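**Student:** Just so we're aligned, residue 671 is where the sequence shown starts under our numbering, counting upward by one. In this text, a Cβ means the ideal position worked out from N, Cα and C, and glycines have one as well. Since we're looking at a predicted model, the values are computed, not measured. Before I ask anything, here is the structure I am working with.
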Amino acid sequence: MHIHRYEKLWLIIGTLILVVFLSVLAVQTFFLEMGPPSHAETMDPESVRDSEMFADAELTEIGDNEYEIAMIAEMFTFQPGDLEIPAGATVHFTLASPDVTHGFKISDTNVNVMVVPGHISKISHTFNEPGEYLILCNEYCGLGHEYMANTITVY
C-alpha cells in the first residue's frame with residue numbers, strides 16, 4: 671500500500687502534536703502536581719446533622735473580614751438560612767448533604783459546587799460588591815426543588 675507524501679507528513683505532524691500535548695499533561699500532573707481542584711473529605715451522610723462540624727451552623731468570623739460557615743443542603747432547604755456579610759468579606763463554605771445530591775450556586779459569582787451525600791464540599795468566595803446574592807440548588811433533588819433558595823445580603 672502506497673501512502674502519499676503529504677498524507678505521511680500530516681500523520682507525522684498530528685502524531686507529534688499528540689505526543690507534545692500528552693507530554694505537557696504528564697509533566698504538569700506528575701512532576702508539578704497540578705491536578706484539578708478537589709476536596710476528598712468524606713462523611714457518613716446519616717451523621718451529617720449530628721456532626722460537630724455542622725452542629726453550630728453559624729457564620730463565624732475567623733479573621734479580618736474573613737468568615738466561615740458549615741451549611742447542610744437537604745430537601746428542600748439550605749441550613750442555616752439567609753446570611754448577612756460586609757462588603758469585601760471572604761466566606762469559606764463547607765457543605766454536606768444527608769439525603770440526595772444537591773447543587774450550590776451563588777448567582778452573579780463563579781461559585782458552583784455539587785453537594786454529594788457522603789462527601790464534604792468546600793469553596794471560598796470574596797464578596798466585593800454590596801447587594802443580594804441568591805443561593806440556588808441547581809441539581810434536581812425532588813418535588814420541592816424549586817423552593818430551595820437562600821439569600822446572601824452583602825452590606
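(1) From residue 789 to residue 674, what distance separates their C-alpha atoms?
(2) Am I right that residue 775 and residue 808 are in contact with their C-beta atoms under 8 Å? What's the rounded C-beta distance?
(3) Starting from the N-terminal side, write out each stretch of the beta strand (DSSP E) that is 3 residues or longer and does not extend beyond the stretch 731 to 792.
(4) Using DSSP with H/G/I as helix, E/B as strand and the rest coil, what is residue 689?
(5) Ordered along the chain, which non-local residues of its own chain (more than five positions away) have a Cβ less than 8 Å from that of residue 825?
(6) My guess is that residue 777 and residue 806 are in contact by the Cβ rule of under 8 Å, so how many angstroms apart are they, rounded?
**Tutor:** Taking the structure as given:
(1) 55 Å
(2) 4 Å
(3) 736 to 744, 747 to 749, 753 to 755, 759 to 766, 772 to 776, 782 to 785
(4) helix
(5) 754, 755, 756, 757, 800
(6) 7 Å
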